[in-house]
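Just so we're aligned: the sequence shown equals residues 0 to 168 in numbering that gives the first Met the number 0.
Idealized CB from N, CA, C, for every residue including glycine.
Keep in mind the model is a prediction, meaning the values are calculated, not measured.
Let me begin by presenting the structure, written as structure tokens, before commenting on it.
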Amino acid sequence: MEPTGLHEQVAGLINRKLNIAIDLLNLPWFIPMKCLIKPLGENSAFRPDFVILDRTALANEPLWKTEPVITLGKSVKLVVEVVSTNWQNDYARKVEDYEALGIGEYWIADYLELGGKRYIGLSKQPAIAIYQLIDGTYQGQQFRGTERLISQTFPHLNLTAEQIFVAGR
Numbered sequence: 000m001e002p003t004g005l006h007e008q009v010a011g012l013i014n015r016k017l018n019i020a021i022d023l024l025n026l027p028w029f030i031p032m033k034c035l036i037k038p039l040g041e042n043s044a045f046r047p048d049f050v051i052l053d054r055t056a057l058a059n060e061p062l063w064k065t066e067p068v069i070t071l072g073k074s075v076k077l078v079v080e081v082v083s084t085n086w087q088n089d090y091a092r093k094v095e096d097y098e099a100l101g102i103g104e105y106w107i108a109d110y111l112e113l114g115g116k117r118y119i120g121l122s123k124q125p126a127i128a129i130y131q132l133i134d135g136t137y138q139g140q141q142f143r144g145t146e147r148l149i150s151q152t153f154p155h156l157n158l159t160a161e162q163i164f165v166a167g168r
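If you want it as structure tokens, here you go:
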């Protein structure tokens with residue numbers, strides 16, 4: 000299933016903002032054009048909307064030199080998913096799998112407020128959920144409206160939830 004144009008606008012805006020932050024901080028990270036996250040031994044893999052990889056950690060990736068597949072959470076600085084009709088995967092399955100892999104930060108951008116009430120609340124408003132790995136467990140925080148996103152990976156990022164949601168309108 001291909002994403003909608005609005006979905007791509009939201010993903011593109013977040014991608015651009017984070018690419019600029021990577022560049023300004025002169026970090027050895029990058030956002031690949033295509034990438035799968037596949038735990039070793041698993042039969043399935045995820046193709047996130049985008050992922051930030053640590054170039055210095057890729058030497059330990061067993062598949063990277065022959066195909067764009069990541070198997071180790073240490074190679075990943077951050078994963079971003081923009082919610083679409085399969086929102087259950089983003090909020091439930093991927094949270095568990097990315098946590099198990101040890102991926103330090105995971106963002107869910109729900110600009111269409113598709114997520115269930117359990118995940119985005121009874122008000123069903125657009126929300127950005129940021130999960131940060133603390134002692135091996137994801138701790139999540141939601142951001143709405145003019146709230147500035149709080150990211151461990153990019154602590155000085157000056158980006159609000161509303162700036163992201165505007166891209167999807």
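> In angstroms, rounded to a whole number, what distance separates the CA positions of L71 and E60?
Replying inline: 7 Å
> Which term fits D89, buried or exposed, when burial requires 16 or more other beta carbons within 10 angstroms of its beta carbon?
Replying inline: buried
> In this structure, does DSSP put W28 in helix, strand or coil?
Replying inline: strand
> Straight-line CA distance for W106 to I30?
Replying inline: 15 Å
> Can you give the Cα-Cα distance for V68 and Q8, rounded to whole angstroms?
Replying inline: 25 Å
>> Three or more C-beta pairs under 8 Å: does that hold for the stretch 48–65 against the stretch 120–134?
In response: no
> Apart from the five residues on each side of it in sequence, which residues of its chain come closer than 8 Å, Cβ to Cβ, to Q151?
Replying inline: Within the same chain, G103, E104, Q131 come within 8 Å of Q151 by CB-CB distance, once the 5 residues on both sides are set aside.
>> Measuring straight from C-alpha to C-alpha, what distance separates K73 and A56?
In response: Straight-line Cα distance between these residues: approximately 7 Å.
>> For L158, which residues in the same chain have their Cβ closer than 6 Å to its Cβ, ignoring the five residues on either side in sequence?
In response: The answer, listed in chain order, is K16, L148.
>> In the DSSP output, which residue or residues are listed as bridge partners for Y110?
In response: None; Y110 has no bridge partner.
> Going by C-alpha distance, which of P2, L113, A160 is nearest T146?
Replying inline: The residue asked about is misnamed: residue 146 is Glu in this sequence, not Thr. Ranked by Cα distance from E146, the first of P2, L113, A160 is A160.
> Can you tell me the Cα-Cα spacing of R92 and W86, whole angstroms?
Replying inline: 10 Å
> What runs of the alpha helix (DSSP H), each 4 residues or longer, lie entirely inside the stretch 35–117?
Replying inline: 93–100
>> Tell me the rounded alpha-carbon separation between H6 and K64.
In response: 30 Å
>> Using only CA atoms, which one of V81, L24, L52 lies nearest to W35?
In response: Note on identity: in this sequence residue 35 is Leu, with Trp being the wrong assignment. Nearest of V81, L24, L52 to L35, Cα basis: L52.
>> DSSP three-state label for A166, please.
In response: Of the three classes helix, strand and coil, the one that applies to A166 here is coil, per DSSP.
> Shortest alpha-carbon distance to G144 belongs to which of A99, E112, N18, V75?
Replying inline: Checked all of A99, E112, N18, V75; the closest Cα to G144 is E112.
>> To test your reading of the DSSP string, which unbroken beta strand (DSSP E) runs of 3 or more residues are found completely within the stretch 113–159?
In response: 126–133, 136–142
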